[in-house]
Each structure stands twice: as C-alpha cells, then as structure tokens.
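**Student:** Those sequence lines, one after another, are chains S and H. With the first letter of the first sequence counted as 1, position 3 gets the number 9 in my numbering; the numbers rise by one all the way through. With the first letter of the second sequence counted as 1, position 36 gets the number 55 in my numbering; the numbers rise by one all the way through. The beta carbon of each residue, even a glycine, is placed where N, CA and C say it ideally should be. Predicted model, so just to flag it, every value in this text is computed and none were measured.
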Amino acid sequence: GESVGLHLPTLSVQEGDNSIINCAYSNSASDYFIWYKQESGKGPQFIIDIRSNMDKRQGQRVTVLLNKTVKHLSLQIAATQPGDSAVYFCAENMVSNFGNEKLTFGTGTRLTIIP
Amino acid sequence: NAGVTQTPKFQVLKTGQSMTLQCAQDMNHNSMYWYRQDPGMGLRLIYYSASEGTTDKGEVPDGYNVSRLKKQNFLLGLESAAPSQTSVYFCASSSLPGQLLAEAFFGQGTRLTVV
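1) If you draw a straight line from the C-alpha of L64/H to the C-alpha of P58/H, how long is it?
2) Counting only C-beta atoms, is G22/S closer than 7 Å to chain H at any point?
3) Please tell me whether R87/H and T74/H are closer than 7 Å, where the distance is taken between their beta carbons.
4) How about the segment 37–48 of chain H and the segment 93–108 of chain H: do they share at least three Cβ pairs that are nearer than 8 Å?
5) Using the rule of at least 16 other Cβ atoms within 10 Å of the residue's Cβ for burial, across every protein chain shown, is T113/S buried or exposed?
6) Using the beta-carbon of each residue, which ones in chain H are nearer than 8 Å to G89/S?
7) Can you tell me which of T115/S, N59/S and G49/S puts its alpha carbon nearest to the alpha carbon of Y38/S?
8) Determine the extent of the beta strand (DSSP E) in which D55/S is found, giving its start and end residues.
9) Check the Cβ-Cβ distances between F109/H and every residue of chain S, and say whether any is below 7 Å.
10) According to the Cβ coordinates, are S114/H and Q44/H closer than 7 Å?
11) Would you decide whether N99/S is buried or exposed? Buried here means 16 or more other CB atoms lie within 10 Å of its CB.
12) In the structure shown, what three-state DSSP assignment does G89/S receive?
13) The beta strand (DSSP E) spanning L94/H covers which residue range?
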C-alpha cells in the first residue's frame, strides 16, 4: 500500500504548463477513487472522482486516469495557475473485513506553480 | 452551508491531560472519519464509523477512542495526551461510496499541541 509517515514528494511546474500527479493504490478490490486538494492551513477539498468501471474522467481543467491493471491513478491539471499550488491526495474506497467501507488516503504530492 | 464543523480549532494540552475533539455534520452522511496530519505528511486514518453506533480502527488508533452515538456527531477522545499526539486533526464525512456526491467533506481541522 501507500507509504505512510514519509515526507511528501514534490512537483514544480511552470505557470501555464500542464502537470501530472501520480498515485499508486494498494487494493485491487477498491472500486471508487477520489482526488483531493489541500491548501495551506485548510482541510482537503474534493476535486474529482472516478469509479472502477471507468478509465478516464474529465472535469474543469482536470482529468483523472485510472489504470486498474497496474493499480495506478493520475491527475492531470491543464494550464496550471498559481492557485493550483497545494498538496494533492488520492484516496481509494476499500471494503474492510467487516464489510464496512472506508476511504484510505495516499501520502500526497506537493505541487508548486512557478510564476 | 455548515457541512462539517470541528471544535475546538486550536488546543494546547499538558502531557497526561484528556480531552475530546468534537465533529458535527449536517449532511445526513452515514460515514465519518478522523484523520491526523503531521507537518509535511499525508493524512493517516485514526478511526472511522460506517454508521451510527459502529466504529472501526484505522491505521493509527493507539492512544485514541471514539464514539458515534448520534449520526451527526463523531467524537475523538484522548485519554492521556502525549507529545506524539501533537498534530492537526481532521474530521470528514461522506455518503456511502458509490452513490452520487459520495466524496468526503472535511472540516477545517483542529490544531492540537501537547506540551
């Protein structure tokens, strides 16, 4: 699964360029995935989600790609802006041994937009 | 548009003191979560609750207890605070994953310092 307790990987992108943030998930039975954005001093905020029966989903300036074969998720942000600077987390929906469902977060990636 | 409300926003405790972090949601969500986030790191799940009256351990439950007596409230207790519990705590809620608008909504966080 995702490493926990490690410092965040970072990605720096020039303003106006596209950025790609990657995430590996651990459970092949996970059926729902979400990307969150967390700005400094704030709680995570929903960006986009995708279900396991889809390979791609697009939102406004964002696209999420899901590769179930290699258990990989990516978030593409087009034409990045200074306001995109934040930490981005992926989360997977996992079913526990007792049948309860829970969201589990990856480590996160810090995206910095260079003016 | 209250969403998820956490109280308090800031707290300083002495080692060995106890306290309860409160979380309330007004979206009639079934699932609620408590996460901790240490500086420069990702979110780690402490406990979660799939429905009123049920709770389950997450990745880092030691030193914490929870209660979900009412659907709208999820309480996180520290019986004997330790400096290692200095962190920012986030509460979240979501409808059952797989349904519309199933993304989790987060509170603004509680910054806890244990001295």
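**Tutor:** According to the structure data:
1) Rounded to the nearest whole angstrom, the CA to CA distance from L64/H to P58/H is 15 Å.
2) Answer no: the Cβ-Cβ gap between G22/S and chain H never drops below 7 Å.
3) yes
4) yes
5) With 16 or more other Cβ atoms from the protein chains shown falling within 10 Å of its own Cβ, T113/S counts as buried.
6) Around G89/S, no beta-carbon contact reaches into chain H at under 8 Å, the shortest distance being about 19 Å.
7) Just measuring C-alpha positions, the residue of T115/S, N59/S and G49/S sitting nearest Y38/S is N59/S.
8) Q51 to R57
9) It does: the Cβ of F109/H has a partner Cβ on chain S nearer than 7 Å.
10) no
11) With 16 or more Cβ atoms within 10 Å of its Cβ, N99/S is classed as buried.
12) When secondary structure is reduced to three states using DSSP, G89/S falls in the helix class.
13) L94 to L97
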